[in-house]
Amino acid sequence: MRRLPSLLAAAALVASALAASPVARAQETLDVGVLKNSDISVVQKLLYPKTDALELAVAVGWMPFDTYTTTPVASFGVVKHFSETLGVEGSLTGGYSLKNVAYKQLESPAYGIQPDAYRFLGSALVDVQWSPIYAKLNWMGKKVVHHDIYGLAGIGAAVEQAMMPDASVAVAPGLGLGVGMRFFLASGDAIRVQIRDDLLYQKRVKTAEVQPWFVKQNVALSVGYSKMKRSK
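All residue numbers for the sequence shown refer to this note's numbering, where the first residue is 330 and numbers rise by one.
Take a look at the structure:
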């Protein structure tokens with residue numbers, strides 16, 4: 330029975346030592362209240378920077394919204410990124426418009442009308458890109474995807490050809506506006522998704538007496554691959 334008082338005394342000694350130790354004191358919580366956004370500042374180096382990078386981009390897409398045509402397209406572009414938010418791009422796009430359901434219905438025996446539609450052949454555009462957002466996306470809790478969001482605006486021209494028998498050609502200057510996203514791969518390259526609307530100021534020979542000049546929209550949806558050449 331002499332061991333019981335000894336064990337109790339030893340337990341009391343251990344408990345008092347733990348209470349006085351730094352580990353025990355570190356477990357105490359400190360309430361600092363609610364932190365404002367202005368109280369938190371995080372500076373993080375980007376995993377996939379664009380500053381001084383040269384982007385070589387290829388893409389395929391579709392112009393599905395024209396009244397009388399539907400157009401598959403392919404493009405090639407070069408972007409010089411001067412900073413994480415600012416870049417300048419030059420791009421070339423080629424395609425070939427096909428008759429859509431509305432066009433075929435109008436030229437059918439029931440109506441006998443051939444619309445004054447022009448087939449898209451190609452375009453060139455020089456634009457400025459502004460990328461205000463770089464973010465990370467948690468994909469199904471298993472993968473973190475780095476991406477950016479950008480807008481673009483530029484000037485260029487498009488070449489189109491009449492789908493009527495005379496096949497007259499129209500060269501139309503225009504303004505290109507668009508938005509897109511780059512999804513960066515582990516290699517540092519990117520998958521690029523974009524929607525661009527080219528507003529063309531176009532003159533058509535056959536309608537010269539009625540409305541020689543009018544605005545046409547070529548809206549293209551595209552997806553492609555960008556090779557990012559970064560400075561060492």
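Think of the CB as a built atom: it goes at the ideal place given N, C-alpha and C, for glycine as much as any other residue.
Original post:
Under a CB-based cut-off of 7 Å, is ALA501 close to chain B?
Top reply: Reference to chain B is not applicable here, since this structure consists of a single protein chain.
Subject >> CB of ASP477 within 7 Å of CB of LEU506, strictly >> reply: no
Original post:
What span of residues does the alpha helix (DSSP H) with GLN443 cover, start to end?
Top reply: It is not in any alpha helix (DSSP H) - GLN443 carries neither H nor E in the DSSP assignment.
Original post:
Is the stretch 468-475 in contact with the stretch 444-451, if contact means three or more CB pairs nearer than 8 Å?
Top reply: no
Original post:
So is TYR425 buried or exposed if we call it buried at 16+ other beta carbons inside 10 Å?
Top reply: exposed
Original post:
Buried or exposed: where does ALA353 fall if 16 or more other Cβ atoms within 10 Å of its Cβ makes it buried?
Top reply: Confidence at ALA353 is low in this model, with a pLDDT of 41, below 50, so its placement is unreliable and the value that follows should be read with caution. With fewer than 16 other Cβ atoms within 10 Å, it is exposed.
Subject >> Backbone CA spacing between TYR377 and PHE513 [nearest angstrom] >> reply: 7 Å
Original post:
Between which two residues does the alpha helix (DSSP H) containing LYS433 stretch?
Top reply: 430-435
Original post:
What's the gap between the Cα of ALA610 and the Cα of ALA486?
Top reply: Lying before the first or after the last residue shown, residue 610 is absent from the chain, which here runs from 330 to 561.
Original post:
So which of THR396, LEU415, ARG448 has the shortest CA-CA distance to ASP495?
Top reply: ARG448
**OP:** Ignoring anything shorter than 3 residues or poking outside the stretch 512-536, list the beta strand (DSSP E) runs there in chain order.
**Re:** 519-532
Subject >> Helix, strand or coil at THR399 according to DSSP, with G and I counted as helix >> reply: strand
Subject >> Proximity winner among TRP468, VAL500, GLN523, LYS532, relative to ALA549 (alpha-carbon distances) >> reply: GLN523
**OP:** Whole angstroms is fine: what's the gap from MET557's alpha carbon to THR380's?
**Re:** 11 Å
Original post:
Looking at C-alpha atoms only, which residue of ALA439, ALA382, THR400, SER437 is the closest neighbour of THR422?
Top reply: THR400
**OP:** Express the C-alpha separation of TRP468 and SER497 in angstroms, rounding to a whole number.
**Re:** 50 Å
Original post:
Relative to the alpha-carbon of GLY483, which residue among ILE520, ALA453, ASN547 has its alpha-carbon at the smallest distance?
Top reply: ALA453
Subject >> CA-to-CA distance, GLU418 to LYS374, given in whole angstroms >> reply: 25 Å
Original post:
Given a threshold of 16 other Cβ atoms within 10 Å of its Cβ, counted over all protein chains shown, does ALA382 qualify as buried or as exposed?
Top reply: buried
Subject >> With 16 other Cβ atoms within 10 Å as the buried cut-off, status of ALA519 >> reply: buried
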